[in-house]
């Protein structure tokens, strides 16, 4: 077992800059998710750590060893690919045994390890089959078992669940969480699915345009996004950003006056509030502001409202039995502890205190 | 679906159009001398006989020509796969400057008449001392088969996901081990089809083989050179014998038909 | 890992070297051979070629054969490809049988059709059986070049339609079914669907097939030799006779260059007439 450290990784494909100076540290036994939209460079970073891609600049350590110049086979990593990459010409047993055979492990040891990994993934009854005879979910299990069987120092996973259908994905997600909590293998996991990231990660590194924009625990990333990108990317529907005028150390929201955590240079500031962080009333209440209802969408657990405040649109969720119809004016009370203030031009959060 | 039977009828007519001439030449090859010269002929030979074929194989030089043909086709097969498969792999797996120019070169070779290659090479082979050898003919046939080998193996390797190789690398293989343990077993049937195809190209080629040989004729060259002064039974038996391996090979590689001749990916 | 950049070049190099020696170099050499003699540059070979007794006929028959064979093959292959799409049962079997001629050489095809057109062959037997003739007719003689022509056309259409068929079937497979279905929804008849949807989308494949077949038809040789000897002269045959019988590589090369010239002109013409995205000639 070992941690991962990467320093100032840069990588370009032709004119496209995939990674511009990324540094990241994954602690031993930690589960870190690289989260970001497609094209943000997360898979490239993973492949550079695996040794499948060569960085233009920067260095990679696994444990105490610098592996920057090493080929994949010498890095003691294991990888689970998006399309599983299970060898079609080998049985499940031979697939799982592949890495051990390359290490020239003795036959008894191979048998024991393969059976152990297969049991862990609940595929011990499939060992004699060929991948063509397996379902997508079973192939996925073979791919994970194959990676675990070599007892890698670091496990790298590239969108491993994205090819599964929704129900199976939910099931595998929980299982992966259980499995990796037990085996305590250091894991770096790439996904574009924010729910997956939230559910699995010890820490999430949110990436955008070739950079890590925030690296923190899931709830921190959710509640205290570092900028408008993170707030907008994580959470569904995304965080609301209201542009408000500034008066000294305060911002004005209709008749409400809200204190700012620090001095603002410009005349305006952005208020970030999640849709579920409003208390909503049909009549005027203290500490609230009015908004007109445009659309009401019943989603089951709650209603999703699209509202207009001045020229700005925002979303709010309310309980399913809340009586409201389009055209009506309602009053919103933002919950004081859940407000996030951001600088409007850069989109960066204002550092509190 | 009313016109269904009409389509089947048309398709059946086309089957007859393809198969009937093959049947007729086979009927002649398996009949005796008098039936070959008989007139009028029925659709079926009067009596089954190996006389005509025996006569063909008894002609001096036929066995040698067959041996030469096999040698030339065998060498062509080996050369085209050894030269073509690595290039096909490079085209499938790497983006490199010059890849497009290389593709163009490969495609261009398909657009030139064989005469333009065979005539100067005949002159040059004389000087190099490989005129009238199976090796010399195999070189020209490789030039014919190589473009196919490159394009076919390239689409073959493209069909094998790169991730399989990468997975092998992360599991402890170097590049050569990954190729041998993962890519090669998966590519083997397609490579075999490519090889068979090169063999058929060589087995069938007559123009260059005739121009480049004098005594060491391949079978088609031998047949062509003796065409005008040989009796009909000899020609018919020879024509039939030329077709047989082709029929077998087409059957063997039918799955790869479209990769080999078409422009489809699979 | 840095050395990775060289890997593709190392892999490609052997075939490049090979093609330079056995393709580019002879190509140049053929051009030189046709315009040089022992004393230097000359048009002598081309003049001898043009003055030869067989030249005019060879040129005429080669062009006429090409103009006859290629449209027949493309038309027939297109029909077969569309027919294959309308067949419900046994598609694989038809596909296999129809592509059998792919493996048959031009020489063998010539001999097969010789068995049909020869004096005591199947054609005469058939004509006798239906009462058209009483005695065997001599079809393939120097007195009846047009009959030889017909036999060559039959043999070539029989043998080489399959390659066009395969290219077109492959092309049809690349056309998403949705286009035809969309046209159907908007009320197009099958005939309109063919002309307005299928044919335009099939253009790249048609172009490839036309170019490939035209080049090969211009090289027609063994079929002609098998069926008519030199009674139906063609360009590739003349190149062969000049090299083999007359031992004159210069004039042979001149013929080869002429074939090449016509091939290139035909290719450019197709590319111009059917302007479309560049597609693999395969």
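Residue numbers (the numbering used here), protein chains in the order written: chain H, 27 to 379; chain Y, 7 to 272; chain G, 66 to 347. Note that beta-carbon positions come from the ideal geometry of N, C-alpha and C, so glycine has one too. All figures in this text were calculated on a predicted structure; none of them were measured in a lab.
Once DSSP output is grouped into helix, strand and coil, what is the label at residue 189/G?
What you label residue 189/G is simply residue 124 of the third chain in a count that begins at 1. Here residue 189/G sits in helix by DSSP.
Assuming contact is defined by CB atoms lying nearer than 8 Å, are residue 298/H and residue 187/H in contact in what I supplied?
Residue mapping note: residue 298/H aligns to position 272 of the first chain, counting from 1. Residue mapping note: residue 187/H aligns to position 161 of the first chain, counting from 1. Contact flag unset, no.
Determine the chain Y residues that contact residue 193/G at a beta-carbon separation under 9 Å, and present them in chain order.
Residue 193/G sits at position 128 when you count from the first residue of the third chain. Those are 45 and 46, listed as they occur along chain Y.
Which residues in the same chain have their Cβ closer than 6 Å to the Cβ of residue 304/G, if we skip the five residues on either side of it in sequence?
Here residue 304/G refers to the residue found at position 239 when the third chain is read from its first residue. The answer, listed in chain order, is 317, 320 and 321.
Pick out whichever of 216/G, 311/G and 336/G has its Cα sitting closest to the Cα of residue 272/G.
For the purposes of this step, residue 272/G is identified with residue 207 of the third chain, where counting begins at 1. Closest by alpha carbon: 336/G.
In chain Y, which residues lie with their C-beta within 7 Å of the C-beta of residue 80/G?
Stepping through the third chain from its first residue, residue 80/G is reached at position 15. Simply 89, 90, 93, 152 and 156.
Reducing DSSP to helix, strand and coil, say where residue 141/H ends up.
By 1-based counting over the first chain, the position of residue 141/H is 115. Residue 141/H: helix per DSSP, three-state reduction.
Which residue from 374/H, 70/H and 43/H puts its Cα closest to that of residue 217/H?
Here residue 217/H refers to the residue found at position 191 of the first chain. For residue 217/H, the nearest C-alpha among the options comes from 70/H.
Report, in whole angstroms, the separation of the C-beta atoms of residue 328/G and residue 193/Y, which I expect to be a contact under 8 Å.
Numbered from 1 along the third chain, position 263 holds the residue referred to as residue 328/G. Numbered from 1 along the second chain, position 187 holds the residue referred to as residue 193/Y. Not a contact, Cβ separation roughly 34 Å.
Run through DSSP, which three-state label would residue 130/H get?
For the purposes of this step, residue 130/H is taken as residue 104 along the first chain, with counting starting at 1. Residue state, collapsed to three classes: coil.
Distance check for residue 267/G and residue 187/Y, CA to CA, integer angstroms please.
Numbered from 1 along the second chain, position 181 holds the residue referred to as residue 187/Y. Numbered from 1 along the third chain, position 202 holds the residue referred to as residue 267/G. If you take the alpha carbons of residue 187/Y and residue 267/G, they lie about 40 Å apart.
Excluding sequence positions up to five away, which residues of its chain have a Cβ less than 7 Å from the Cβ of residue 360/H?
Translated into the one-based positions of the first chain, residue 360/H becomes position 334. Correct list, in chain order: 299, 303 and 304.
Does residue 237/H come out as helix, strand or coil in the three-state DSSP assignment?
The sequence position of residue 237/H within the first chain is 211, counting from 1. In the structure shown, residue 237/H sits in a strand (DSSP, three-state: E or B).
Measure the C-alpha to C-alpha separation of residue 186/G and residue 219/G and round it to an integer number of angstroms.
Mapped onto the third chain, residue 186/G falls at position 121. Mapped onto the third chain, residue 219/G falls at position 154. Whole-angstrom Cα-Cα distance: 15 Å.
Using a beta-carbon distance cut-off of less than 7 Å, what residues from the stretch 106-127 of chain H approach chain Y?
So the close ones are 107, 109, 111, 113, 114, 115, 124 and 125.
Does the beta-carbon of residue 104/Y have 16 or more other beta-carbons within 10 angstroms, so that it is buried, or is it exposed?
The sequence position of residue 104/Y within the second chain is 98, counting from 1. Exposed, since its Cβ has fewer than 16 Cβ neighbours within 10 Å.
Please classify residue 219/Y: is it buried, with 16 or more other beta-carbons within 10 angstroms of its beta-carbon, or exposed?
In the second chain, residue 219/Y corresponds to position 213, counting from 1. Buried is the call here.
Mind checking if residue 271/Y is an interface residue toward chain H, Cβ cutoff 8 Å exclusive?
One-based indexing of the second chain puts residue 271/Y at position 265. Below a pLDDT of 50, predicted positions are generally treated as unreliable, and residue 271/Y, at 32, falls in that range; the measurement from the model is reported next regardless. Closer than 8 Å: no.
With 16 other CB atoms within 10 Å as the buried threshold, where does residue 244/Y fall?
Position 238 of the second chain, counted from the first residue, corresponds to residue 244/Y. Label assigned to residue 244/Y: buried.
Taking only runs that begin and end inside the stretch 154-194 of chain H, name each unbroken beta strand (DSSP E) of 3 or more residues, in chain order.
Listed in chain order, the complete beta strand (DSSP E) runs (minimum 3 residues) inside the stretch 154-194 of chain H are 180-184.
Unbroken alpha helix (DSSP H) runs of length 4 or more, entirely within the stretch 80-132 of chain G: which are they?
You should have 90-100 and 109-116.
If we ignore side chains and look at the alpha-carbon of each, how far apart do residue 76/H and residue 196/Y end up?
What you label residue 76/H is simply residue 50 of the first chain in a count that begins at 1. What you label residue 196/Y is simply residue 190 of the second chain in a count that begins at 1. Answer to the nearest angstrom: the Cα atoms are 31 Å apart.
CB residue 226/Y to CB residue 206/Y, shorter than 8 Å?
The residue given as residue 226/Y occupies position 220 in the second chain. The residue given as residue 206/Y occupies position 200 in the second chain. The answer is no: Cβ separation not under 8 Å.
Using a Cβ-Cβ cutoff of 7 Å, what residues of the stretch 189-203 of chain Y are near chain H? List them in chain order.
Listed by position along the chain: 191 and 192.
Any heavy atom of the ligand COA within a distance shorter than 7 Å of the CB on residue 25/Y?
This structure simply doesn't include the ligand COA, nor any ligand for that matter.
Over what stretch of residues does the beta strand (DSSP E) that includes residue 105/H continue unbroken?
Counted from its first residue, the first chain places residue 105/H at position 79. Note, residue 105/H: beta strand (DSSP E), 103-106.
Distance, Cα to Cα, residue 109/G vs residue 100/G?
Stepping through the third chain from its first residue, residue 109/G is reached at position 44. Stepping through the third chain from its first residue, residue 100/G is reached at position 35. Computed Cα separation, rounded: 8 Å.
Say whether the stretch 199-216 of chain H touches the stretch 38-58 of chain H, bearing in mind that this needs 3 or more beta-carbon pairs closer than 8 Å, one atom from each stretch.
These segments touch.
Just verifying my parser: in three-state terms, what is the DSSP assignment at residue 215/H?
As a first step, residue 215/H is located in the first chain; it is residue number 189 there, counting from the start. Strand, per DSSP.
Give a yes or no on whether the minimum CB-CB distance between residue 216/Y and chain G is below 8 Å.
Here residue 216/Y refers to the residue found at position 210 of the second chain. At least one chain G Cβ lies under 8 Å of residue 216/Y.
Residue 158/G to residue 288/G, Cα distance in whole Å?
Taking the third chain and counting its residues from 1, one reaches residue 158/G at position 93. Taking the third chain and counting its residues from 1, one reaches residue 288/G at position 223. Their backbone Cα atoms lie some 28 Å apart in a straight line.
Give the residues from the stretch 223-236 of chain Y that approach chain G closer than 8 Å (Cβ to any Cβ), ordered along the chain.
Under the 8 Å Cβ criterion, the stretch 223-236 of chain Y contributes 226, 229, 230, 233 and 234.
Does the beta carbon of residue 65/Y sit closer than 8 Å to a beta carbon anywhere in chain G?
Counting from one through the second chain, the residue named residue 65/Y turns up at place 59. It does not; no Cβ of chain G falls within 8 Å.
Give me the residue from 147/G, 139/G and 113/G with the minimum Cα distance to residue 259/G.
In the third chain, residue 259/G corresponds to position 194, counting from 1. When only C-alpha atoms are compared, the closest one is 147/G.
For chain Y, check one thing: does any of its Cβ atoms lie closer than 8 Å to the Cβ of residue 346/G?
Locating residue 346/G in the third chain gives position 281, counting from the first residue. A caution first: residue 346/G carries a pLDDT of 41, below 50, which makes its placement in the model too unreliable to give a value.
Can you tell me where the alpha helix (DSSP H) holding residue 357/H begins and where it ends?
Within the first chain, the letter at position 331 stands for residue 357/H. Looking at the DSSP string, residue 357/H is not in any alpha helix (DSSP H); the run it does join, the beta strand (DSSP E), is 355-360.
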